[in-house]
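In full-length UniProt numbering, the protein residues as written are 1 to 186. Heads up, the beta-carbon is just placed ideally off N, CA and C, and yes, glycines get one too. On a predicted model such as this, the values are computed, not experimentally measured, just so you know. Presented below is the structure to which this report refers.
Structure, rendered in structure tokens:
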């Protein structure tokens, strides 16, 4: 599920931001560079997790790990749902802005900053941090030493399945959308 959200946000968010104002002062940010945001957020959130969240969780749970690996994965999955909800809200705001300013079919950038898209990347980066780290820790603590490389490969297979699921979902939505418009899907 997380990797399907990751694929969804990494494709549609670029499309979304390409219709928005991508200027930061005099600098124009290329929309294709937006997938850098989750990595930046992870670099900021990882130390916060290690030095603030984890010690707090250890005090509450009185365990060495703070929260279990599965709780960490579950937290990441919940955060991926939040990321998709934020993406839906940003898209609603973007469409409303286009309607208000009469720019629905225009090639001009909308008068809304692309930084709104960064908000959904904040939650996606948080989801990555919790889920992927939790998966790797789970695999390395619960899997026999001789099978660790297989366990690591499973996390990459999960990523591939997420992107594949996203492709199937997008194809199905395009078929539904084209049939609703009265066009053929071919």
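Where residue i and residue j are concerned, what is the direct C-alpha to C-alpha distance, given to the nearest angstrom?
i: residue 179; j: residue 53; result: 48 Å
i: residue 92; j: residue 47; result: 33 Å
i: residue 136; j: residue 81; result: 21 Å
i: residue 101; j: residue 158; result: 42 Å
i: residue 224; j: residue 156; result: The structure shown does not extend to residue 224, since the chain is modelled only from 1 to 186, so the question has no answer here.
i: residue 141; j: residue 66; result: 15 Å
i: residue 139; j: residue 148; result: 7 Å
i: residue 78; j: residue 175; result: 29 Å
i: residue 90; j: residue 10; result: 15 Å
i: residue 35; j: residue 14; result: 8 Å
i: residue 44; j: residue 127; result: 13 Å
i: residue 7; j: residue 99; result: 28 Å
i: residue 104; j: residue 3; result: 31 Å
i: residue 154; j: residue 76; result: 17 Å
i: residue 86; j: residue 152; result: 30 Å
i: residue 88; j: residue 145; result: 42 Å
i: residue 129; j: residue 108; result: 36 Å
i: residue 143; j: residue 173; result: 38 Å
i: residue 16; j: residue 74; result: 28 Å
i: residue 24; j: residue 64; result: 44 Å
i: residue 168; j: residue 60; result: 42 Å
i: residue 69; j: residue 161; result: 21 Å
I believe residue i touches residue j by the beta-carbon criterion, under 8 Å. Please report the beta-carbon distance rounded to the nearest angstrom.
i: residue 37; j: residue 118; result: 5 Å
i: residue 112; j: residue 97; result: 5 Å
i: residue 124; j: residue 21; result: The pair is not a contact, with the Cβ atoms about 22 Å apart (cut-off 8 Å).
Would you identify the three-state DSSP class for residue i, choosing helix, strand or coil?
i: residue 34; result: coil
i: residue 92; result: helix
i: residue 28; result: strand
i: residue 55; result: helix
i: residue 103; result: coil
i: residue 144; result: coil
i: residue 72; result: helix
i: residue 42; result: helix
i: residue 66; result: coil
i: residue 108; result: coil
Identify every residue that forms a DSSP beta bridge with residue i.
i: residue 21; result: 113
According to the Cβ coordinates, are residue i and residue j closer than 8 Å?
i: residue 121; j: residue 41; result: yes
i: residue 19; j: residue 72; result: no
i: residue 5; j: residue 83; result: yes
i: residue 31; j: residue 114; result: yes
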